Ligand SMILES: Cc1cc2nc3c(=O)[nH]c(=O)nc-3n(C[C@H](O)[C@H](O)[C@H](O)COP(=O)(O)OP(=O)(O)OC[C@H]3O[C@@H](n4cnc5c(N)ncnc54)[C@H](O)[C@@H]3O)c2cc1C
Ligand SMILES: Cc1cc2nc3c(=O)[nH]c(=O)nc-3n(C[C@H](O)[C@H](O)[C@H](O)COP(=O)(O)O)c2cc1C
């Protein structure tokens, strides 16, 4: 077998090694345009998990690599004169030059042919090869040559960055967030061998220009960085080696394989340097390809297996890298944060690390985070313990004169079980049990302001006395038997009205018994949905009056808070999104016009609703669709409602149009809450695939929301909050009838938690840094 490898970086060399081990008789040649020791860059970094992989696949190179490594366990965050260190991260680094030398030596030893200073420009040279690896790096010539086939997507990010080096020793992966007269600069730095560290500098394009970096040469810009970070670098000079400022390209390819040619490493997919995974991805691509070659009966099948088997893993790493790079791009959002909360945000930015996980690894750090959170709560007038504070989830929160005892919220959830809009026994038990279960705040399901405002025939309403009486009974029970506060969500279905119950076909039009539907514009939801009638002025006035009448009924029921539903493609949302609003009057066109009717409704409600009671608005912060609402627009929407007197923005997303393409995942809507809260400076509630109290605490402690709503988790677990309180040892109200149950779970939880933590600590393999420390000091292991 003949294998040609274009590009002798980590991907190409490691693939050569693994394939040659599998097929000693194969003719494998690596073509590299540079000289053997001609490498750019300074260090590369690997996690312990990646090294475990290397150990499994090629022991000799693993041994040599790890002999050369610098290890560290801590991440240190420097911000506004403070430094916070978190241990247990298990990373190591080595010089890129050394890594490549080791891989070259190992490849040679196995009989791979290495040809240097050969710049390949035509793959036809390898017409006789069985397999051609395109591992020619980030600017891959061959990816571009076959652009129509591979269909690369190159997303050039806005921030500027440059790789530099230094002789400064570092004992931790070090982030320095530096305020300057021009704006924020960030250094990502780590030691990769004795006496050498990598320094990646990053800043936004405006700060870059203001700092006069445009047009400076490598040395001049290194001198500028030296001025900025000199207080930390001391006498250690910054070193340069192709240290040009660039914009990071996030690269993805629709196809990875063309005939017998296959993309590997940076040519195929990149991951932002802030998660230190570029070289890891490249070498793990080589592993995946070698695995596929081992398992498949022929090359075509192996390439297909490689592409299909590896894609998900690569996309996961790229997603984590995307989330991380977005955090760094928007670091100014958090610039006013308490430093320890800021550091917590750095640590938890890409979802892999959470509040509980950090509590195990760095309990003192999390204790500081809790204290900072409690101090903020105290500053709002609450008499909370700041020395031994409870976890953020159990800190109280105030909106106008309404205080919620904790931050867990029952999200509004249609039960589709009302009879002519009247909530019945199901609703009584549903809301009553979640209130007793300890949630600080409950939202009603979307409660419709008129019969024709309903989504389905099973939707609850508040337009007549029977409904008012039924809701009042539920509100009274909640208030009498729990400390939960109760918010009424009012809405109008718009073009999604006259549809079936969820379990009969969500959003599908009723075949019988429907009613006329209205919307901002006459656009049906499904092609076969009813075409809505465009609202005219008289309709708008009537609907506004219906909202006000329902709010007045809500006040008589005793609800504590009112939410206006402007999300999910319902009537008010249909005005806000340009995808559903095609009007040419003063209610269509610009965002200001599209917001006009929802703001009119909000203003009338605010005037009718008692001043001491808060109001929220639910928005879809993105339509997840081309041409629709984006996070940036959501900030403007939140600001507009903020100016109109909204107390809380309930940040949901999507459900506007059928062709939306949401990117689901854990806590997938939280970044929008983060953006709205920290750019529009309004209180927010986030929601969406948040399933554990650990996630709730992570979100709150990092300042990404003020309240956290859970929908589906509450459907199966009314006592979600009570159980979490027991776990974290926080108090929560419980009616006397249930006290024995509460006492038991609180008692058991202390032991369960200790057992769980012990198990987790035992199960966690020691990081290489820990093992090395033990070898240096054998007593440390005992
Ligand atoms: C300055 C710098 C510093 C970096 N530091 C880190 C770090 O600290 N940690 C980390 O994880 N990642 C780091 N990266 C990213 C990392 O280098 C890449 O993610 C990784 O090297 C990808 O490996 P690769 O083999 O796919 O590509 P590369 O390492 O880029 O290798 C591609 C090779 O192909 C050769 N080549 C290209 N075209 C041709 C051709 N037509 N003919 C012959 N040869 C060709 C190139 O000369 C190059 O040697 C850094 C990148 C840069 C630019
Ligand atoms: C069955 C069901 C009914 C819902 N009804 C409403 C509703 O009436 N009003 C509303 O604003 N959102 C409604 N939602 C959305 C939820 O409030 C919540 O935003 C969504 O379920 C995501 O949160 P989760 O992942 O915690 O479930 C509903 C969701 C589901 C699954």
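In our numbering, the protein residues as written are -5 to 776.
Ideal Cβ placement from N, Cα and C applies to all residues, glycine included.
Note that the coordinates shown come from a computational prediction; the quantities given were computed from them, not determined experimentally.
Original post:
Short check: CB of residue 349 to CB of residue 314, under 9 angstroms?
Top reply: The residue you call residue 349 lines up with position 355 of the chain shown. The residue you call residue 314 lines up with position 320 of the chain shown. Cβ atoms of residue 349 and residue 314: not closer than 9 angstroms.
**OP:** Using beta-carbon positions only, say whether residue 338 and residue 322 come within less than 9 angstroms of one another.
**Re:** Position 344 of the chain shown, counted from the first residue, corresponds to residue 338. Position 328 of the chain shown, counted from the first residue, corresponds to residue 322. No. Outside cutoff.
Original post:
Hey, residue 203 and residue 194: beta-carbon distance below 9 angstroms or not?
Top reply: Position 209 of the chain shown, counted from the start, is the residue given in the question as residue 203. Position 200 of the chain shown, counted from the start, is the residue given in the question as residue 194. Not a contact, by the Cβ cut-off of 9 angstroms.
Original post:
Identify the residues that DSSP records as bridge partners of residue 559: which are they?
Top reply: On the chain shown, position 565 is the one that residue 559 refers to. BP columns for residue 559 point to 612.
Subject >> Of the residues 336, 373 and 345, the one placed nearest residue 362, counting alpha carbons only >> reply: The count along the chain shown starts at 1 and reaches residue 362 at position 368. The residue with the shortest Cα to Cα distance from residue 362 is 336.
**OP:** Just mark residue 407 as buried or exposed, buried being the case when its beta carbon has 16 or more other beta carbons within 10 Å.
**Re:** The residue labelled residue 407 in the question sits at position 413 within the chain shown. Buried, by the Cβ-count rule.
**OP:** Select from 590, 514, 558 and 556 the residue whose C-alpha is nearest the C-alpha of residue 575.
**Re:** One-based indexing of the chain shown puts residue 575 at position 581. When only C-alpha atoms are compared, the closest one is 514.
Original post:
From residue 43 to residue 289, what distance separates their C-alpha atoms?
Top reply: Numbered from 1 along the chain shown, position 49 holds the residue referred to as residue 43. Numbered from 1 along the chain shown, position 295 holds the residue referred to as residue 289. Rounded to whole angstroms, residue 43 to residue 289 spans 23 angstroms at the Cα level.
**OP:** Go through its chain and collect everything with a Cβ distance to residue 1's Cβ below 7 angstroms, but skip five positions before and after it.
**Re:** In the chain shown, counting from the first residue as 1, residue 1 sits at position 7. Only 26, 129, 130 and 131 meet the Cβ criterion.
Subject >> Within the segment 193 to 240, ranges of the beta strand (DSSP E) (whole runs, at least 3 residues) >> reply: none
**OP:** Using alpha carbons as the reference points, say which of 535, 502 and 511 lies closest to residue 522.
**Re:** Against the chain shown, residue 522 aligns to sequence position 528. Taking only the C-alpha atoms, the option nearest residue 522 is 502.
**OP:** Indicate, with yes or no, if ligand 1 has a heavy atom lying under 8 angstroms from the CB of residue 39.
**Re:** Mapped onto the chain shown, residue 39 falls at position 45. Yes, since a heavy atom of ligand 1 falls inside the 8 angstroms radius drawn around the Cβ of residue 39.
Subject >> Proximity test, residue 4 beta-carbon vs ligand 1 heavy atom, cut-off 8 angstroms >> reply: Mapped onto the chain shown, residue 4 falls at position 10. Yes; taking the cut-off as 8 angstroms, the Cβ of residue 4 has a heavy atom of ligand 1 nearer than that.
Subject >> Alpha-carbon spacing of residue 775 relative to residue 178, whole angstroms >> reply: On the chain shown, residue 775 is found 781 positions in, with the first residue counted as 1. On the chain shown, residue 178 is found 184 positions in, with the first residue counted as 1. Bear in mind that a pLDDT of 38 at residue 775, under 50, signals an unreliable position, so the number given afterwards is only what the model happens to contain. Near 42 angstroms, if we compare the C-alpha coordinates of residue 178 and residue 775.
Subject >> Buried versus exposed, by CB contacts within 10 Å (16 or more), residue 708 >> reply: Taking the chain shown and counting its residues from 1, the one referred to as residue 708 is at position 714. Buried, since its Cβ has 16 or more Cβ neighbours within 10 Å.
Original post:
Exposed or buried, what is residue 497 when buried is set at 16 or more other beta-carbons lying within 10 Å of its beta-carbon?
Top reply: The count along the chain shown starts at 1 and reaches residue 497 at position 503. Classification for residue 497: exposed.
Original post:
Does any heavy atom of ligand 2 sit closer than 8 angstroms to the C-beta of residue 667?
Top reply: Numbered from 1 along the chain shown, position 673 holds the residue referred to as residue 667. Flag unset: Cβ of residue 667 not near ligand 2.
**OP:** Pull up the distance between the alpha-carbon of residue 779 and that of residue 80, whole angstroms please.
**Re:** With the chain covering -5 to 776 only, the question about residue 779 has no answer from this structure.
**OP:** Could you tell me whether any non-hydrogen atom of ligand 1 is closer than 8 angstroms to the CB of residue 19?
**Re:** By one-based count along the chain shown, residue 19 stands at place 25. Result no, Cβ not under 8 angstroms from ligand 1.
**OP:** With a threshold of 8 angstroms, establish whether the CB of residue 65 neighbours any heavy atom of ligand 1.
**Re:** Within the chain shown, residue 65 is the residue found at index 71, counting from 1. The answer is no for residue 65.
**OP:** Taking only heavy atoms of ligand 2 into account, decide whether any of them is closer than 8 angstroms to the Cβ of residue 182.
**Re:** Here residue 182 refers to the residue found at position 188 when the chain shown is read from its first residue. It does not: the Cβ of residue 182 is nowhere closer than 8 angstroms to a heavy atom of ligand 2.
Subject >> Assigned secondary structure, residue 496 (DSSP; H/G/I helix, E/B strand, else coil) >> reply: As a position in the chain shown, residue 496 is number 502, starting the count at 1. Helix, per DSSP.
**OP:** Scan the segment 116 to 177 and note each continuous alpha helix (DSSP H) run of 4 residues or more that stays entirely inside, going in chain order.
**Re:** 135 to 139 and 141 to 144
**OP:** Work out the CA separation of residue 600 and residue 431 for me, nearest whole Å.
**Re:** Locating residue 431 in the chain shown gives position 437, counting from the first residue. Locating residue 600 in the chain shown gives position 606, counting from the first residue. Approximately 31 angstroms between the Cα atoms of the pair.
Original post:
Is the Cβ-Cβ distance between residue 38 and residue 90 less than 9 angstroms?
Top reply: By 1-based counting over the chain shown, the position of residue 38 is 44. By 1-based counting over the chain shown, the position of residue 90 is 96. Against a cut-off of 9 angstroms, the Cβ pair of residue 90 and residue 38 comes out as a contact.
Original post:
So, does the CB of residue 722 fall closer than 9 angstroms to a CB anywhere in chain D?
Top reply: Among the chains in the structure shown there is no chain D, since it carries only a single protein chain.
Original post:
Taking just the CA atoms, how far does residue 468 sit from residue 395?
Top reply: Locating residue 395 in the chain shown gives position 401, counting from the first residue. Locating residue 468 in the chain shown gives position 474, counting from the first residue. Taking the straight line joining both Cα atoms gives about 22 angstroms.
Original post:
Leaving out the 5 sequence neighbours to the left and right, which residues in its chain are closer than 8 angstroms to residue 247 when beta-carbon positions are compared?
Top reply: As a working note, residue 247 is residue 253 in the chain shown. Excluding positions up to five away in sequence, the list reads 137, 144, 145, 146, 147, 257, 262 and 263.
**OP:** For the segment 110 to 121 and the segment 56 to 75, state whether three or more C-beta atom pairs, one from each stretch, are separated by less than 8 angstroms.
**Re:** no
**OP:** May I ask whether a heavy atom of ligand 1 can be found less than 8 angstroms away from the beta carbon of residue 274?
**Re:** For the purposes of this step, residue 274 is taken as residue 280 along the chain shown, with counting starting at 1. True, at least one ligand heavy atom lies under 8 angstroms from that Cβ.
Subject >> DSSP state of residue 701 mapped onto helix, strand, coil >> reply: For the purposes of this step, residue 701 is taken as the residue at position 707 of the chain shown. In this structure, residue 701 counts as strand in the three-state DSSP scheme.
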